[in-house]
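For the sequence shown, numbering that gives the first Met the number 0 gives the first residue as 0, with consecutive numbering after it.
Ideal Cβ positions, reconstructed from N, Cα and C, are used throughout, including at glycine.
Bear in mind that the values here come from a model prediction, so they are computed numbers and not experimental data.
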Amino acid sequence: MPSADAVSDDSRTHIIIVGAGIVGVCTAYYLTRHPSFSPTTHRISIIESTRPASGASGKAGGLLALWAFPSQLVPLSFQLHEELADTYNGAEEWSYRRLQTVSLEGNLSRSSRVSKRAPVDLGLPDDLDWVRSDVLESWSSLSGKDSTAQVHPYKFTMFMLRRAQECGAVSLIMGKVLSINYSKSNTAESVIYQPLGQQDSSSSSGPASTSTSTASPSSSENSTPKVLKGDKIVITVGPWTSRLLPTCPVSGLRAHSITITPSRPVSAYALFTELKLAKGKYISPEIYARKDEVYICGEGDNYVEVPETTDDVEVLKERCEELVKYAGVISKELQGGRITRRQACYLPVVDVPSTSGPLIGPTNTQNLFVASGHSCWGINNAPGTGKVMAEILLDGEATSADISSLDPRRYFVSGPLPGE
Ligand SMILES: Cc1cc2nc3c(=O)[nH]c(=O)nc-3n(C[C@H](O)[C@H](O)[C@H](O)COP(=O)(O)OP(=O)(O)OC[C@H]3O[C@@H](n4cnc5c(N)ncnc54)[C@H](O)[C@@H]3O)c2cc1C
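As C-alpha cells, this is what we get:
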C-alpha cells in the first residue's frame with residue numbers, strides 16, 4: 000500500500016506539477032509571479048522522475064521565432080522570452096540573443112567534383128563566412144533579428160526553476176508518478192509516485208548530470224510508493240503524457256543532435272539546410288550557432304517507442320555520426336571543431352489531424368490540467384504556456400491569449416479507465 004504524505008497540517012492550496020521540463024518549470028515560475036499567488040496561501044510541488052530538463056527541454060536547439068506555431072501563443076511567448084531576458088540578464092544567464100535565419104540548399108551527390116570547384120559567388124551574407132559556398136546551389140533569407148532569437152534551453156530551464164523556487168513555496172520532489180487517483184465523481188485527488196534516492200540539483204552542471212530535490216525522500220524510502228494529495232494536478236510530462244493520461248493523444252518522436260565547439264568563433268545564424276545526397280534522397284540538418292558552440296539536429300524517427308524515462312533514451316551512434324559528417328561538409332570550422340555532445344530526445348507530438356498542438360488547460364476531470372504536445376516549438380512556447388496556465392489555475396481562465404482552440408477537452412476525454 001502506498002503511504003500518504005503528511006499534508007494535513009498545511010492548509011495552503013497545493014498545486015502539483017508532474018514533470019520538470021521547460022513547460023512544468025515555466026508553469027511553476029508564472030504561478031509564483033501571479034498576483035493571486037502567495038506563499039502563505041499556496042504551495043507547489045514539482046515531481047520529476049529523472050532530472051529537471053533531462054528530456055527535450057535540455058537537449059533542444061533553442062530557436063525562438065515569431066513565425067513558429069501555434070499563432071494563438073507565439074506572439075505572447077516570444078515577447079515573454081524577451082522580457083525574461085531583459086529582467087534577468089538572459090544574454091549572460093542562458094545565452095539569449097537575436098539571430099538571423101537562412102535556408103541553404105546544396106547538392107552533395109557530386110561532392111567529389113564540387114570540392115574541386117572554384118567557390119561560386121552566391122551572394123551569401125559576408126558574415127556567414129563559416130559556410131562553404133562551394134557545396135551550395137542556392138540560399139535564401141528566412142527571417143531577420145526582428146523575428147528570430149535563441150536561448151540555451153537547458154540553462155534557461157534550470158534558471159527558471161531556481162527563480163520559481165526562490166519564493167520558498169515550490170518544492171522539487173524527485174520521483175516518478177505512477178498514476179493519478181480519481182474520486183468516484185471524476186475529480187483528481189492525488190498522485191502515486193515512486194520516490195527516487197536523495198540527490199542534489201545544486202551540483203548539476205549539465206543536461207546529463209544528476210540534480211536535486213528540495214523535498215526529496217531518503218533512499219531508505221525508495222521502494223515504497225507514496226501518495227501526494229493535491230488541490231490541482233497539472234500534467235507536463237511531454238512525450239510521456241499518455242502513460243499517465245492514456246486517452247490523451249500525445250506521443251513522442253525521437254530526434255538526434257550533436258554539439259560542436261567550432262575551430263573558431265562563428266557568427267549568429269540558424270541554418271535550415273536541404274542537402275541532396277542522391278536522386279530523391281535528401282538530408283536536412285538544422286544548424287544553430289550558439290555563443291560558444293554550434294548545435295546540429297537531424298530529423299525525427301519513430302523506430303523506438305518512448306522509453307520509461309529520459310535516462311533510457313537510446314542514442315544511435317550512426318545517426319550522430321551522420322550529423323558530424325554533414326556538419327563537416329557544410330563548414331570547415333565544424334569539420335575542424337570538437338564534438339562535445341551526441342544525444343537524442345523525444346518531441347511531444349499531438350496525434351490529431353485537426354491540430355498541431357499543444358494542448359493546454361483543464362481536462363474533463365475536475366482539478367486535472369494538462370500542458371503538453373508542444374512539438375518542435377516547446378522552447379519558444381513555454382513562457383506563454385506557463386503564463387496562461389497560471390491564469391487558468393488561479394483565475395479560472397486564460398486572459399493573456401485566446402487559447403480556446405488548444406483546450407484539451409476538444410481532443411480527449413480524461414478520467415479513470417473502465418475497471419480502474
Ligand atoms: C531535437 C529537438 C530540437 C528541438 N529544437 C527546438 C527549438 O529549437 N525551439 C523550440 O521552441 N523547441 C524545440 N524543440 C521542442 C522542445 O524541446 C519541446 O517541445 C519541449 O522541450 C517540450 O517540453 P516539455 O516540458 O513538454 O517536455 P520534456 O522536456 O520532455 O519534459 C518532460 C519531463 O517530464 C518528466 N517525466 C516524464 N514522465 C514522468 C513521470 N511519470 N513522473 C515524473 N516526471 C516525469 C521527464 O523526465 C521530463 O523531465 C526541439 C525538440 C527536439 C527533440
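Asked	Found
Residue from LYS225, THR26 and ALA168 with nearest C-alpha to THR40	ALA168
Which listed residue (LYS58, ARG97, LEU63 and PRO361) has its alpha carbon closest to that of THR235	PRO361
Secondary structure of SER102, DSSP reduced to three states	strand
Residue of LEU127, PRO152, THR12 and THR31 minimising C-alpha distance to ALA52	PRO152
Boundaries (first-last residue) of the beta strand (DSSP E) holding GLU368	The sequence shown places Phe at residue 368, not Glu. Looking at the DSSP string, the run of the beta strand (DSSP E) that includes PHE368 is 367-371.
Where SER76 falls: helix, strand or coil (DSSP)	helix
Beta carbon proximity, PHE271 to chain D, threshold 9 angstroms	The chain inventory of the structure shown lacks chain D, comprising one protein chain alone.
GLU422 burial status per 10 Å Cβ neighbour count (16 or more: buried)	Residue 422 lies beyond the range of the chain shown here (0 to 419); nothing can be said about it.
Helix, strand or coil at PRO347 [DSSP, three-state]	strand
For ALA84 and ILE45, believed in contact at Cβ under 8 angstroms, the rounded distance	The Cβ separation is near 23 angstroms, so there is no contact.
Backbone CA spacing between THR186 and LEU367 [nearest angstrom]	7 angstroms
DSSP state of ASP300 mapped onto helix, strand, coil	strand
ARG162 versus ASN106 - alpha carbon distance	47 angstroms
Extent of the continuous alpha helix (DSSP H) to which GLU332 belongs	331-334
Nearest neighbour of ILE378, chosen from THR49, LEU177, PHE77 and SER170 [CA to CA]	PHE77
Identity of the residues DSSP links to GLY251 by a beta bridge	PRO347
Closer than 8 angstroms: HIS151 CB and nearest ligand 1 heavy atom	no
The alpha helix (DSSP H) enclosing ARG161, as first and last residue numbers	152-164
beta-carbon TRP138 near ligand 1 non-hydrogen atom, thresh 8 angstroms	no
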